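*Asks:* Everything in the sequence shown is counted per numbering that gives the first Met the number 0, starting at 0 for the first residue and increasing by one. My structure is below; once you've seen it, I'll send some questions.
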Amino acid sequence: MASHTAPPFMPTDARIYVPGHRGLVGSAIVRRLESLGYRNLLLRARAELDLLDARAVAAFFAEQKPEFVFVCAAKVGGIMANNTFPAEFFYENVAIETAIMHEAWRNGVRRLLFLGSSCIYPRDCPQPIREEYLMTGPLEPTNRAYAIAKIAGIEMCRAYNQQYGTRYLAAMPTNLYGQGDNYDVQTSHVLPALIRKMHEAKIRGDASVTLWGTGRPYREFLYSDDLADACVFLLNLDDERFEMLLGDGSANPLINVGCGEDLTIAGLAELVKEVVGFNGTIVWDAAKPDGTPRKLLDVSKLNALGWRPSVSLREGITRAYRQFLEYVESTSELR
Numbered sequence: 000m001a002s003h004t005a006p007p008f009m010p011t012d013a014r015i016y017v018p019g020h021r022g023l024v025g026s027a028i029v030r031r032l033e034s035l036g037y038r039n040l041l042l043r044a045r046a047e048l049d050l051l052d053a054r055a056v057a058a059f060f061a062e063q064k065p066e067f068v069f070v071c072a073a074k075v076g077g078i079m080a081n082n083t084f085p086a087e088f089f090y091e092n093v094a095i096e097t098a099i100m101h102e103a104w105r106n107g108v109r110r111l112l113f114l115g116s117s118c119i120y121p122r123d124c125p126q127p128i129r130e131e132y133l134m135t136g137p138l139e140p141t142n143r144a145y146a147i148a149k150i151a152g153i154e155m156c157r158a159y160n161q162q163y164g165t166r167y168l169a170a171m172p173t174n175l176y177g178q179g180d181n182y183d184v185q186t187s188h189v190l191p192a193l194i195r196k197m198h199e200a201k202i203r204g205d206a207s208v209t210l211w212g213t214g215r216p217y218r219e220f221l222y223s224d225d226l227a228d229a230c231v232f233l234l235n236l237d238d239e240r241f242e243m244l245l246g247d248g249s250a251n252p253l254i255n256v257g258c259g260e261d262l263t264i265a266g267l268a269e270l271v272k273e274v275v276g277f278n279g280t281i282v283w284d285a286a287k288p289d290g291t292p293r294k295l296l297d298v299s300k301l302n303a304l305g306w307r308p309s310v311s312l313r314e315g316i317t318r319a320y321r322q323f324l325e326y327v328e329s330t331s332e333l334r
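Structure, rendered in C-alpha cells:
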C-alpha cells in the first residue's frame, strides 16, 4: 500500500456499505478496510439485494442505516461488450447509481464515494486529462452509453450536494486490473484479456497471438489495491480538505485516480508477454477498433493531497498473472 497515513475520519466501528463488494474494485476496498481494522461492513451479494430493484435498495438503507458508502457496483466491460450491449450498460448503471445515492440521502449517509471511469472524458481530450475537461467534447462512440451513465452519476453527486447538502464525491479511476479481475475474452478489459490470451497461447505452443487494433493507443493502468487505498484515503480526509474537493455546488465534485504514467497497448502487450513467458510473436488486427487514442489522467489534485500509488505496472502484472493461475486451478473453464 501507499506509504501515507490517512486521517481517520471514519471510525473503525462505522457502518460502511460497499455495494459491488465481490467485484474487482469492491473486493479491493473491502480488503483495504479490513486491513485497517474496519469490521462493521455491510455486504450483500446480488442474490441477497438486487440493486436494480429500487424498493429493495430503499428497504436495505432504511433497515441498515449505513454511515459511509463506496459505490462500486456497476455493469462493466471492454470495447466488445460496451459496443454490443449499450442499452444494458446505460440502463443498469443509471438504475444502480440513482437508487443507491437517492437512498443514501434519504437515510443520512455521512459521506459517499461514487466510482466512475476515465471514459467519461471526451475522446480527443488534451493530455493529461484534467477534471475540468468533463463534457468539453464528443465521447468515444464504442462506450458512449456507459460513459453517459457515469456522467449522470457525477451530476447526481453535484446536484444532491447543491440541493440537499449531501457529501458525495466522485472518483474517476484510470484503467484497473488486479485480484478478482474478469478474464472472459468476450467481456474483459484489455489487461486481463492479454494475460489470458498470452497464457493460452503459451500452453498451446502457438507461434503467434493475434490482438485487436493497431497497438498504438496509449493507456494508463492502476492496480486495484492501489485504487482501494486511494478510495479509503479520500473518505478519510479531514473536513477542510474533503469540502474543498466537493466545491461550492456549481462545480463537479470530481477527482481523478491514477498513476500519472501511460504506455502504448503494444508496449503493454510486450510486458504481459514477458511476465507470462510467451515466446511467440504478436500480430495486430488493424481491422478491429482501437478505441480512444489516449487516456492519461492528470492526478495532480490527488497527489497534492498526499496520495500516490505503490505498485508498479510490472509488479502488478506479475501479481495478476499469479492470481490468474490460481483462477485457472480453481475452475474447469480453461482446462
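Don't be surprised by glycine CBs; every beta carbon is placed ideally from N, CA and C. Computed from a predicted model, the values in this text were never measured in an experiment.
Would S2 be called buried (16 or more neighbouring beta carbons within 10 Å of its own) or exposed?
*Replies:* Along the sequence shown, read from residue 1 onward, the residue named residue 2 stands at position 3. Because the pLDDT at S2 is just 42, under 50, the model does not fix this residue reliably, and the value given afterwards should be weighed accordingly. S2 should be labelled exposed.
*Asks:* Is the beta carbon of V335 sitting closer than 8 Å to the one on L226?
*Replies:* Limits of the chain in this structure are 0 at one end and 334 at the other, which puts residue 335 out of reach.
*Asks:* Which residue or residues does DSSP assign as beta-bridge partners of A170?
*Replies:* Counting from one through the sequence shown, the residue named residue 170 turns up at place 171. Note: A170 sits in a beta bridge opposite L114 and I254.
*Asks:* Just verifying my parser: in three-state terms, what is the DSSP assignment at W306?
*Replies:* If you number the sequence shown from 1, residue 306 lands on position 307. It is coil, neither helix nor strand.
*Asks:* If I follow the unbroken beta strand (DSSP E) through V68, where does it start and stop?
*Replies:* Mapped onto the sequence shown, residue 68 falls at position 69. Taken as a continuous stretch (DSSP letters only), the beta strand (DSSP E) holding V68 covers F67 to V70.
*Asks:* Is the beta carbon of E102 closer than 8 Å to that of V56?
*Replies:* Taking the first residue of the sequence shown as 1, we reach residue 56 at position 57. Taking the first residue of the sequence shown as 1, we reach residue 102 at position 103. Their beta carbons are under 8 Å apart, which means V56 touches E102 by this criterion.
*Asks:* By the three-class DSSP mapping on this structure, what secondary structure does F220 have?
*Replies:* One-based indexing of the sequence shown puts residue 220 at position 221. Correct three-state label for F220: strand.
*Asks:* Going residue by residue through the segment 85-171, where are the continuous alpha helix (DSSP H) segments of at least 4 residues, counting only ones entirely within it?
*Replies:* Whole alpha helix (DSSP H) segments, 4+ residues: 85-105 and 143-163.
*Asks:* By how many angstroms is the C-alpha of D261 removed from the C-alpha of P10?
*Replies:* What you label residue 10 is simply residue 11 of the sequence shown in a count that begins at 1. What you label residue 261 is simply residue 262 of the sequence shown in a count that begins at 1. Computed Cα separation, rounded: 36 Å.
*Asks:* A169: buried (16+ other C-beta within 10 angstroms of its C-beta) or exposed?
*Replies:* Taking the first residue of the sequence shown as 1, we reach residue 169 at position 170. Looking at its Cβ environment, which holds 16 or more other Cβ atoms inside 10 Å, A169 is buried.
*Asks:* Out of A265, L270, V275 and L296, state which residue places its alpha-carbon closest to the alpha-carbon of W283.
*Replies:* Here residue 283 corresponds to residue number 284 of the sequence shown, with the count starting at 1. When each option's Cα is compared against that of W283, the closest is A265.
*Asks:* Hey, out of S26, P172, D224 and R240, whose CA is closest to D297's CA?
*Replies:* Working through the sequence shown from its first residue, we reach residue 297 at position 298. It is P172.
*Asks:* In terms of alpha-carbon separation, which member of S329, Y120 and V208 lies closest to A146?
*Replies:* Numbered from 1 along the sequence shown, position 147 holds the residue referred to as residue 146. Minimum Cα distance to A146 is reached at Y120.
*Asks:* Measuring only the C-alpha atoms, how far is L241 from A200?
*Replies:* Locating residue 241 in the sequence shown gives position 242, where the first residue counts as 1. Locating residue 200 in the sequence shown gives position 201, where the first residue counts as 1. Reading off the sequence shown, one finds Phe at residue 241, where the question assumed Leu. F241 and A200: Cα-Cα distance of roughly 47 Å.
*Asks:* Can you tell which of T291, M134 and M79 has the C-alpha that lies nearest to the C-alpha of G214?
*Replies:* As a first step, residue 214 is located in the sequence shown; it is residue number 215 there, counting from the start. Nearest of T291, M134 and M79 to G214, Cα basis: T291.
*Asks:* Please report the distance separating the alpha-carbon of T263 from that of A58.
*Replies:* Your numbering for residue 263 matches position 264 in the sequence shown. Your numbering for residue 58 matches position 59 in the sequence shown. Distance between the alpha carbons of T263 and A58 is about 46 Å.
*Asks:* Assuming the contact rule is C-beta atoms closer than 8 Å, L50 and P7 should be a hit. Round their C-beta distance to whole Å, please.
*Replies:* Taking the first residue of the sequence shown as position 1, residue 50 is located at position 51. Taking the first residue of the sequence shown as position 1, residue 7 is located at position 8. In fact, because the Cβ distance is near 29 Å, the residues do not count as touching under 8 Å.
*Asks:* Can you check DSSP and say which residues form a bridge with T263?
*Replies:* Along the sequence shown, one-based indexing puts residue 263 at 264. For T263, which the question treats as bridged, DSSP gives the partners Y217.
*Asks:* By alpha-carbon positions, which one of G36, R203 and N181 ends up nearest to N278?
*Replies:* Numbered from its first residue, the sequence shown carries residue 278 at position 279. Among G36, R203 and N181, the Cα nearest to that of N278 belongs to R203.
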